[in-house]
Amino acid sequence: MSKIIVMASFHPKKDKANEVKEIILSMIKPTRSEEGNELYNFYEEKNKDDKIISFHLFEIYKNSAALDFHRETTHYKDYRSKIEDLLEKPREVKVLNSIDSI
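Note that the working numbering has the sequence shown beginning at -17, numbered continuously upward.
Dropping the structure here:
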């Protein structure tokens, strides 16, 4: 089975960046403690005025079952219920299957 890579992008509404950031930060510890999670990194993108314009998650899971498990956790469902109304547009998520990676 190949590893599953998830890349997710979030574009917060004006003045909602801190709320979005806090919600995603609350996901880090419980997600990293999941048995099938191998990587869960959180990034922010700023404009030339040093204002946050988007957030990005880069995740690696052992296999598709590990990703399925993640999506059934309480912390994942809680984050999903809170974050959508704070975003300018729907979150962008790409789920990739590893072909050749280290």
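Even glycine gets a Cβ: it sits at the ideal position worked out from N, Cα and C. Fair warning: this is a prediction, and the values are worked out from it, not measured in the lab.
Query: Inter-residue spacing [alpha-carbon to alpha-carbon] between LEU39 and ASP67; Result: 18 Å
Query: The stretch 7 to 15 / the stretch 53 to 66 touching (three or more Cβ pairs under 8 Å); Result: yes
Query: From GLU41, TYR25, PHE37 and ALA47, residue whose alpha carbon lies closest to that of ARG73; Result: PHE37
Query: Among ASN29, TYR25, HIS52 and ASP32, nearest to GLU16 - alpha-carbon criterion; Result: HIS52
Query: Under the three-state DSSP convention, the category SER46 falls into; Result: helix
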